[in-house]
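Below you'll find the structure, written out as structure tokens, and then a few comments.
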Amino acid sequence: MAALWRRLPQPGTLPAALARPMGRREASLGADLGAAVRVRFAPSPTGFLHLGGLRTALYNYIFAKKHQGSFILRLEDTDQTRLVPGAAENIEDMLEWAGIPPDESPRRGGPSGPYQQSQRLELYAQATDALLQTGAAYPCFCSPLRLELLKKEALRSHQTPRYDNRCRDLSQKQVAQKLATNPKPAIRFRLEEEAPAFQDLVFGWNRHQVASVEGDPVILKSDGFPTYHLACVVDDHHMGISHVLRGSEWLVSTSKHLLLYQALGWQPPRFAHLPLLLNGDGSKLSKRQGDIFLEHFAAAGFLPDALLDIITNSGSGFPENQMGRTLPELITQFDLTRITCHSALLDLQKLPEFNRASSDPLPACSSRTWCTDLAVRPSSDLRLLPLREPSCCPHFVDEDPQPPSGCAASCRHLAGQASHSGLYGPRAHRLLPHTLPAFCARTKAAPQNGLASE
């Protein structure tokens with residue numbers, strides 16, 4: 001890393017490791033889906049997984065599975081100041097609970113790891129070094145105070161804040177002098193005036209002249225951590241991502257990313273930007289809303305299938321809205337070309353109705369045999385023991401309580417997911433708290449004969 005800060009911008013060629021071809025992913029994958037499909041869900045662990053993130057993950061998952069591809073979970077944890085303890089674990093736990101586990105992830109591993117950006121800093125340093133060599137990037141010595149004053153002045157003049165590119169044209173002598181007193185400057189990418197046009201698979205042809213509306217962006221901070229713009233380009237390249245399905249808030253930034261691909265000599269993936277998923281009142285879903293986290297819905301007894309169903313009925317991409325679709329049906333019916341450009345409203349008032357459509361009726365049975373009857377047990381029962389053991393739930397001591405149908409379906413789904421995802425021991429236990437409290441609370445009030453209606 002130390003050599004990076006001493007590097008002066010001068011003509012050169014890309015290092016062979018960074019200029020290597022990516023093989024089949026270089027094909028035009030928008031039309032040729034015979035090439036390997038690899039997609040990624042890349043959340044930042046600055047909060048627990050919520051419905052907006054679930055929608056992005058789901059669309060990536062079903063697109064991959066529809067085309068026999070791979071679904072990758074990558075954690076973008078480079079903003080170390082905003083990380084939330086437990087968020088990284090929660091994101092992967094909730095994907096498994098929802099029935100859309102990644103093929104490659106921090107937990108599962110894979111051929112393109114590591115899958116946390118904080119463990120890939122050397123790759124970003126190499127890419128930055130290559131850009132410095134060719135003059136596509138340059139060191140910036142502007143202090144935080146100067147940048148803040150630039151922002152305040154722009155806002156005072158009712159203009160959009162932008163960097164004035166002050167350090168862009170420093171001579172090598174000036175750079176050397178400044179490096180002597182500031183050996184770890186930020187690195188900025190030199191935006192070209194003409195950004196390439198690109199065909200988004202949802203929004204069609206786009207081109208955003210980012211150089212005319214904003215200054216050269218920072219791609220590597222002085223602490224050695226990359227910004228989103230560099231990290232996503234480097235990681236998507238090295239992980240062989242064929243299609244990037246992400247929120248439409250990144251549509252304008254895509255021109256910037258394509259300029260980075262061009263400067264590094266890499267073939268970009270195809271892009272599909274998903275319209276925003278909004279609250280019923282038209283406001284944007286936010287991590288600050290406590291009631292949109294998946295843990296909230298799981299603890300309240302809602303089924304994963306119900307959540308997948310309602311967000312796909314709110315987000316287009318299917319021939320028609322239809323309640324009660326299963327995950328295999330979502331995969332079969334999904335059509336990327338049917339996704340509309342307008343934002344979708346999420347009406348959570350209808351979630352109980354979707355939950356009823358996802359709950360299968362089950363025969364009445366005693367509480368002491370209920371979970372045993374429902375469990376999917378290809379090998380060992382031990383991973384589900386806490387769910388079946390009467391002592392784990394005080395309401396099991398009631399005389400022959402009958403579990404409500406929603407709770408029964410939740411338990412059956414949990415057992416099935418534990419088997420499907422290969423969750424054993426501690427991993428299965430991490431999922432139990434999301435379902436068991438709702439089961440316990442509702443079992444106590446259950447009628448003695450027959451199943452309660454939702």
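Everything in the sequence shown is counted per full-length UniProt numbering, starting at 1 for the first residue and increasing by one.
Beta carbons are placed, not taken as given, at the ideal position from N, Cα and C, and that holds for glycine.
From a predicted model like this one, the values you see are computed outputs, not experimental measurements.
C-beta contact flag for residue i and residue j at 8 Å
i, j, result
"Ala127", "Phe189", "no"
"Leu245", "Tyr59", "yes"
"Pro196", "Asp236", "no"
"Phe63", "Leu336", "yes"
"Ser242", "Ala35", "yes"
"Leu150", "Pro139", "no"
"Ser314", "Leu351", "no"
"Ser112", "Glu122", "no"
"residue 530", "Lys66", "Here the chain comprises residues numbered 1 to 454, so residue 530 is not present and cannot be evaluated."
"Gly215", "Asn165", "yes"
"Leu220", "Tyr124", "yes"
Cβ neighbour criterion (16 or more within 10 Å) applied to residue i
i, result
"Glu194", "exposed"
"Ala176", "exposed"
"Trp205", "exposed"
"Val234", "buried"
"Ser359", "buried"
"Asp223", "exposed"
"Pro106", "buried"
"Glu389", "Any reading at Glu389 must be qualified, since the residue scores a pLDDT of 36, below 50, and its modelled position is unreliable; the value itself is stated next. Label assigned to Glu389: exposed."
"Arg146", "exposed"
"Val255", "What sits at residue 255 in the sequence shown is Ser, not Val. Label assigned to Ser255: buried."
"Glu148", "exposed"
"Ser70", "buried"
"Thr312", "buried"
"Gly280", "exposed"
"Val37", "buried"
"Leu155", "exposed"
Supposed close pair residue i, residue j - CB separation, criterion 8 Å
i, j, result
"Leu251", "His273", "5 Å"
"Ala344", "Leu278", "7 Å"
"Lys184", "Phe141", "Lys184 to Phe141, Cβ: 10 Å. No contact."
"Leu285", "Leu51", "6 Å"
"Glu92", "Ala231", "Between Ala231 and Glu92 the Cβ distance is about 19 Å, and since that is not below 8 Å, they are no contact."
"residue 515", "Ala306", "The chain is shown only over 1 to 454; residue 515 falls outside these bounds and no answer can be derived."
Where residue i sits in the DSSP three-state scheme
i, result
"Pro352", "helix"
"Gly113", "coil"
"Asp77", "coil"
"Asn279", "strand"
"Asn165", "coil"
"Asn206", "strand"
"Glu214", "coil"
"Phe271", "strand"
"Arg120", "coil"
"Leu345", "strand"
"Leu245", "strand"
"Asp223", "coil"
"Ile310", "helix"
"Ile91", "helix"
"His238", "helix"
"Phe63", "helix"
"Cys142", "coil"
"Arg325", "coil"
"His257", "helix"
"Val233", "helix"
"Ile292", "helix"
"Lys173", "helix"
Straight-line gap, residue i to residue j (C-alpha atoms, nearest Å)
i, j, result
"Val218", "Ile187", "6 Å"
"Asp129", "Ser44", "25 Å"
"His158", "Gly86", "41 Å"
"Gly247", "Lys173", "43 Å"
"Arg325", "Pro102", "21 Å"
"Glu249", "Glu192", "22 Å"
"Val210", "Ala357", "47 Å"
"His57", "Leu170", "For the record, residue 57 in the displayed sequence is Ala; it is not His. Computed Cα separation, rounded: 43 Å."
"Phe225", "Ala180", "21 Å"
"Ser118", "Met239", "15 Å"
"Phe293", "Gly282", "18 Å"
"Asp79", "Phe203", "30 Å"
"Ala317", "Leu327", "Correcting the residue identity first, residue 317 is Gly in this sequence and not Ala. Distance between the alpha carbons of Gly317 and Leu327 is about 14 Å."
"Gln322", "Phe198", "33 Å"
"Arg108", "Lys152", "46 Å"
"Cys341", "Leu83", "32 Å"
"Asn355", "Ile72", "28 Å"
"Thr332", "Ala98", "18 Å"
"Ser143", "Cys167", "11 Å"
"Ile100", "Gln267", "29 Å"
"Phe48", "Asn90", "6 Å"
"Arg338", "Pro319", "7 Å"
"Ser55", "Thr81", "Here the sequence assigns Arg to residue 55, which means Ser is not the residue at that position. Approximately 26 Å between the Cα atoms of the pair."
"Phe297", "Ser212", "44 Å"
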